[in-house]
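*Asks:* Position in the sequence shown counted from 1, then plus 481, gives you the working numbering.
Even for Gly, the Cβ is constructed at its ideal location relative to N, Cα and C.
The structure that follows is given in the form of structure tokens.
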Amino acid sequence: MYDLVVVGVGPAGARLARRTAEAGYDVLALEKGTVGTPLACSGHVSTDIWDYVPEGSAADLRQNRVYGANFHLGGPGSRAYPFYKTDEVSNVIDRVALDRTLADAARAAGADVREGHTVTGVTVADDRATVTARADGGTVTFETRLVAGCDGPASRVRREAGLPEPSETLHGVLAFDETPDHGDFVDVHLTVPRFFAWRIPRGDAGVEYGLAAPPGADVTERFERLTDAYGVETDRRCSGGIPIGPPDTVTGDRVFLVGDAAAQTKPFTGGGILYGMTAADRAAETIDPDDPTTLAAYERAWRAELGREIRLGGLIRRAYSLPDPVQRLGLGALDGEIGVHMDRPTSFFSAAHLRALAGGLLPWRGDDDPTRTDAGQSE
């Protein structure tokens, strides 16, 4: 009898396994394939990522430092509206290595992490849950007090528990050009229905191109147009679902969801690495496997931490669909130095951002201003 079976060993699942094992619980974590593969997610994250990985991991995981973003209403030749900081805004990381680093940290904490285990069923009784999985050509079962579904947008645990679906699931695609690029800025193209396309310089690892769109949009055709406009050929193409909008509940009888399975993602970017690990921490702090009623405390805790950010992020995303003249006016009024945290839309109203906006309204300080010299350029 395990205290907790974690299904899915991505960032959210690995973080939950680590934190609950550190708390002294008997934890089993199951990954259907090899941890970190197949890649279906970008590795562009805020610098807060280093609070969640073992000390010293940055040197192996970081591929590039990013200081801002160039927003475009058209293709790569269109006007750029730069939003930037003088300090780094975010980092580009080796996404596969991140998953493996986090899984190793869970193992080091005492969690039993097993690869090659595809969960096929979850049943719940009054005093326990049973998880069934395929492994090594056979079927295995595990008994546990609680089950955590950290198994992504198409969560099997969510379906087995009869929990509601996310509000929507976007279709994302990304691929890579191996030409090194150490540029300071990502490019964001508001040319996709209700979302955007992107270009991310990944240092020596090359360049990532991607986009996401709602179901029904021809993602493949739009992606080809994006890379053709940049004049590049890409390889290692990946695709997957991006859940947007958490359902009304992510907990059931002895079952709870964390990460993409719970749609704990940023509606305005689709990113979920930091939100998923934040929710994992709230779960580890509030849930007692001997008392399933504590699942309600987890539900309250993660929504208190992330709910406002997700709601405001949804409002930001609506701006992607405004008419071009309105977008142009807004981008032109707000571009320049910012004080916003990329994971926290509420930081738009922070003192740091308001000071940055006020500075942007001051008279131009001359051509030697170091914060504006190459704001629209990538090396």
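1. Is there contact here, the segment 590-610 with the segment 707-719, by at least three beta-carbon pairs under 8 Å?
2. For Glu780, which three-state DSSP category applies?
3. Any contact of the segment 606-614 with the segment 679-690, i.e. 3+ C-beta pairs under 8 Å?
4. Which ranges does the alpha helix (DSSP H) cover as unbroken runs of at least 4 residues, wholly within the segment 774-827, from first to last along the chain?
5. Straight-line CA distance for Val638 to Ala743?
6. Cα separation between Phe657 and Leu579?
7. Quick check on this structure: which residue in Pro634, Thr746, Ser523 has the alpha carbon closest to the alpha carbon of Ala678?
8. How big is the Cα-Cα spacing for Gly817 and Arg675?
9. To which residues of the same chain is Arg825 closer than 7 Å at the C-beta, ignoring the five residues directly before and after it?
10. Between which two residues does the beta strand (DSSP E) harbouring Val547 extend?
11. Among Met482, Val486, Val490, Gly494, which has the Cα closest to the Cα of Ala760?
12. Of the choices Leu787, Thr672, Glu659, Leu511, whose alpha-carbon is the least far from that of Arg809?
13. For Ser571, which beta-bridge partners are listed by DSSP?
14. Starting from the N-terminal side, write out each stretch of the beta strand (DSSP E) that is 3 residues or longer and does not extend beyond the segment 576-647.
15. In angstroms with no decimal places, state the Cα-to-Cα distance between Ser828 and Gly820.
16. Check whether the segment 775-787 and the segment 721-733 are in contact - that is, three or more C-beta pairs closer than 8 Å.
17. Please confirm whether Gly684 and His663 have their CB atoms less than 7 Å apart.
18. Counting C-beta neighbours from all protein chains within 10 Å, is the total for Gly602 16 or more, i.e. buried, or is it exposed?
19. DSSP has Ala693 in a bridge; who is on the other side?
20. Between Asp665 and Tyr548, is the Cβ-Cβ spacing less than 7 Å?
21. Identify which residue in Ala777, Thr528, Ser720, Lys513 has its Cα closest to the Cα of Ala616.
22. According to DSSP, what are the bridge partners of Phe564?
23. Cutting at 6 Å between CB atoms, please list the residues of its own chain near Gly556, excluding the five before and the five after it.
24. From Glu569 to Pro804, what distance separates their C-alpha atoms?
25. Just reading off the beta strand (DSSP E) that Phe676 is part of, what are its end residues?
26. Three-state secondary structure (DSSP) at Ala744?
27. Tyr483 by DSSP, collapsed to three states: which one?
28. For my contact list, Val573 and Gln544 are in at a C-beta cut-off of 8 Å; report their separation, rounded to the angstrom.
29. Roughly how many angstroms lie between the CA atoms of Leu511 and Gln745, to the nearest whole one?
30. Could you check whether the segment 691-708 touches the segment 620-634, counting it as contact only if at least three pairs of C-beta atoms, one from each stretch, sit closer than 8 Å?
31. What are the boundary residues of the beta strand (DSSP E) that includes Ile725?
32. How big is the Cα-Cα spacing for Leu738 and Ala642?
33. What is the DSSP secondary structure of Ala540, counted as helix, strand or coil?
34. Based on DSSP bridge pairs, tell me the residues matched to Asp769.
35. Considering only residues of the same chain and omitting the five flanking positions on each side of Thr515, which have a CB-CB separation below 8 Å?
36. How would you call Thr774, buried or exposed, if buried means at least 16 neighbouring beta carbons within 10 angstroms?
*Replies:* From the atom records:
1. No contact exists between the segment 590-610 and the segment 707-719.
2. Reduced to three states, the DSSP call for Glu780 is helix.
3. For the pair of segments examined, the segment 606-614 was found not to touch the segment 679-690: the number of CB pairs separated by less than 8 Å stays below three.
4. Taking only runs of at least 4 residues, the alpha helix (DSSP H) segments lying wholly in the segment 774-827 are 776-799, 805-815.
5. Each residue's alpha carbon lies about 11 Å from the other.
6. Using only the alpha carbons, I get a separation of about 18 Å.
7. Closest option to Ala678, Cα to Cα, is Ser523.
8. Their Cα atoms are separated by approximately 24 Å.
9. Counting only Cβ-Cβ distances below 7 Å, and skipping sequence neighbours, we find Glu790.
10. Per DSSP, Val547 is one residue of the beta strand (DSSP E) stretching across 543-547.
11. Of the listed residues, the one whose Cα sits closest to Ala760 is Gly494.
12. Here the closest residue by C-alpha is Thr672.
13. Secondary-structure assignment with DSSP links Ser571 through a beta bridge to Ser527, Val547.
14. Within the segment 576-647, the complete beta strand (DSSP E) runs of at least 3 residues are 593-595, 599-605, 610-616, 619-630.
15. Spanning the two alpha carbons is a distance of roughly 7 Å.
16. Verdict: yes, contact present.
17. Their beta carbons are under 7 Å apart, which means Gly684 touches His663 by this criterion.
18. Burial call: exposed.
19. Note: Ala693 sits in a beta bridge opposite Gly653.
20. The Cβ-Cβ distance between Asp665 and Tyr548 falls below 7 Å.
21. Nearest Cα to Ala616 within the set Ala777, Thr528, Ser720, Lys513: Lys513.
22. Beta bridge pairing from DSSP links Phe564 with Ala550, Gly817.
23. Taking Gly556 as the centre and dropping the five residues before and after it, the same chain places the C-beta of Ala710 closer than 6 Å to its C-beta, in chain order.
24. Going by C-alpha positions, Glu569 is about 31 Å away from Pro804.
25. Here the beta strand (DSSP E) through Phe676 covers 676-682.
26. In this structure, Ala744 counts as coil in the three-state DSSP scheme.
27. In the three-state reduction of the DSSP assignment, Tyr483 falls in the strand class.
28. Indeed, because the Cβ distance is near 5 Å, the residues count as touching under 8 Å.
29. Take the alpha-carbon of Leu511 and the one of Gln745: they are about 20 Å apart.
30. Under the Cβ criterion (8 Å, minimum of three pairs), the segment 691-708 does not count as touching the segment 620-634.
31. Counting along the chain, the beta strand (DSSP E) containing Ile725 begins and ends at 716-725.
32. Between Leu738 and Ala642, the C-alpha separation is close to 10 Å.
33. Note: Ala540 maps to helix in three-state DSSP.
34. The partner list for Asp769 (beta bridge, DSSP) reads Asp772.
35. These residues qualify, in order along the chain: Glu596, Gly597.
36. Around the beta carbon of Thr774, fewer than 16 other beta carbons sit within 10 angstroms, so the residue counts as exposed.
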